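**Q** Can you keep this structure in mind? I'll have questions shortly.
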Amino acid sequence: MPRGGARLLQGGPIAAEIRQAVGEDVAAYRDRHGQAPVLAVVICGRDAPSMVYLHQILRSCEKVGIDGRLVEIDGEASEAALVDAIRALNDDPAVNGIIVQMPLPPTIRLRSVVDAIDPAKDIDGIHPLNAGLLRLGYDGFLPATAHAAVEILRRSAIEIEGKRAVVIGRSAVVGMPAAFLLVRENATVTVCHSRTRDLARHVKDAEILVVAAGHPGLVRGDMLRRGVVVVDVGINVVDGAIVGDVEFESARRVASAITPVPGGIGPLTNALLLAHLVRAALGQEARVEVAADAPLVATRGPAASRKAAAATVPDRRVAAASRSAGRSASRGVR
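Numbering-wise (the working numbering), the sequence shown opens with residue 667 and increments by one.
Here it is in structure tokens:
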């Protein structure tokens, strides 16, 4: 453990590297198509924290040349109206990626909205198809926050394989996807949640701890084993300050490495969303090329198959970055 406390795992420098690669690929895409990739950001109602977050995403899009479009749906609108708006974005060939900001109004069922998103445009990995691909070890779109939680470990040269990892939180967008990604990196993973008995005992056992519970100060330094790596995904506002789920000052005296809040997972999550968007755009581009070149018969010979394979992704740098968590574990099923 470094003298003076834990090593800080800052998301900003990693995010900057990803944004640079994204910007280069966006420029190449624009040269080929005469327009930038398009991200549609959907919000139903005007929840203040959500609007702040969405405008951060739109500013990030602008910096790398992505066309970010805010699609506002009235908070009193029906579920059918929101679903119809999403389906219209699915059908718009100019739109490459869609994210729907949570929370939704209480009158709208999350499942209906999630099911409506085209999986090929679901860059935040919430559609059941992408969730299933993750669990099976195939390539799909990953929930960006869960992706960031594991990517910050990989890019910071934190060894994951063989480690005892504990994830606190079992949400479909952070906790469970993060657990599956850690398993794909060959960690031994325990998932804790609101019904877990003796949480402190499980936390004490962790060599890698990912906390995504939404409860400020849930984990204290005296609960940790010395040398643990702590990834704090929580974002909470306490007395006007943004804090995580981990009591930072006490934890940093025990941990070997820790993500700060803010400045840890947040910047990397936004950058990975942009990388996922570029991956979606390149994948859609490749499918259009393959469809245009396809013969008028169902059976395709070896030459046609090779051509289709070669057209998969013109520029693989950003696409590879967006898939990198878990690549080694998924080789056998590709």
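The beta carbon of each residue, even a glycine, is placed where N, CA and C say it ideally should be. Computed from a prediction, not measured in an experiment: that's the story for all the values here.
Evaluate contact between the region 709-719 and the region 683-694, counting only Cβ atoms and requiring at least three cross-stretch pairs below 8 Å.
**A** By the criterion of at least three beta-carbon pairs nearer than 8 Å, the region 709-719 is not in contact with the region 683-694.
**Q** Compute the Euclidean distance between the alpha carbons of I824 and A831, then round it to the nearest angstrom.
**A** If I take the Cα positions, the gap works out to 12 Å.
**Q** List the whole-angstrom C-beta distance separating R945 from S916, where the pair is believed to meet the contact cut-off of C-beta under 8 Å.
**A** So it is not a contact: roughly 39 Å between Cβ atoms.
**Q** Sort V897, D905, N796 by Cα distance to S911 and report the nearest one.
**A** Per the sequence shown, residue 911 should be read as Asp rather than Ser. For D911, the nearest C-alpha among the options comes from V897.
**Q** Could you pull out every residue in the same chain whose Cβ sits closer than 7 Å to the Cβ of L934, ignoring the five residues on either side in sequence?
**A** G677, I680, A681, A814, E817, I818
**Q** In angstroms, rounded to a whole number, what distance separates the CA positions of V876 and G893?
**A** 14 Å
**Q** For a quick check, are the C-beta atoms of V840 and L848 less than 8 Å apart?
**A** no
**Q** Check the C-beta distance from I739 over to I764 and give it rounded, since I have them as a contact under 8 Å.
**A** In fact, because the Cβ distance is near 13 Å, the residues do not count as touching under 8 Å.
**Q** Assuming V749 contacts V779 (C-beta within less than 8 Å), just tell me the rounded distance between them.
**A** 7 Å
**Q** Beta-carbon separation of P926 and G900 under 8 Å?
**A** No, these two residues do not count as a Cβ contact at 8 Å.
**Q** Should R821 be labelled buried (16 or more other beta-carbon atoms within 10 Å of its own) or exposed?
**A** buried
**Q** Would you kindly report the start and end of the unbroken alpha helix (DSSP H) that includes T811?
**A** 810-821
**Q** Using the Cα positions of C727 and G734, report the straight-line distance between them to the nearest angstrom.
**A** Cα-Cα distance, rounded: 6 Å.
**Q** Please tell me whether V730 and V692 are closer than 8 Å, where the distance is taken between their beta carbons.
**A** The answer is yes: Cβ separation under 8 Å.
**Q** Near N796, which residues of its chain fall below 8 Å by C-beta distance, leaving aside the five closest residues on each side in sequence?
**A** P785, D788, G806, F807, L808
**Q** According to DSSP, what are the bridge partners of G763?
**A** Answer is L705.
**Q** Can you find the residues in the same chain that come closer than 8 Å, C-beta to C-beta, to N756, ignoring five residues on each side of it along the sequence?
**A** I764, A782, I783, D784, K787
**Q** My output table needs one value for L674: the three-state DSSP class, helix, strand or coil.
**A** strand
**Q** What's the C-alpha gap between A853 and A879?
**A** 20 Å
**Q** So, is R918 buried or exposed, given that buried needs 16 or more other C-beta atoms within 10 angstroms?
**A** The residue is buried, with at least 16 neighbouring Cβ atoms inside 10 Å.
**Q** Quick check: the Cα distance between L770 and D713, rounded to an integer number of angstroms?
**A** 9 Å
**Q** Check L736 in the structure and name its three-state DSSP category.
**A** strand
**Q** Spatial neighbours of R673 within its chain, please: C-beta separation below 6 Å, excluding the five flanking residues on both sides.
**A** A923
**Q** Could you check which residue in G700, G741, V920 has the C-alpha nearest to that of P772?
**A** G741
**Q** From the DSSP output, in three-state form, read off T856 for me.
**A** strand
**Q** For the alpha helix (DSSP H) that contains L770, what are its first and last residues?
**A** Neither: L770 is in no alpha helix (DSSP H) and is coded neither H nor E.
**Q** Would you mind working out which of H699, V904, A751 sits nearest A952, comparing C-alpha positions?
**A** H699
**Q** CA-CA distance, I774 and M768?
**A** Straight across, the Cα-Cα distance linking I774 with M768 is about 11 Å.
**Q** Once the 5 residues before and after G791 are set aside, which same chain residues still bring their CB inside 6 Å of it?
**A** Counting only Cβ-Cβ distances below 6 Å, and skipping sequence neighbours, we find F807, L808, P809.
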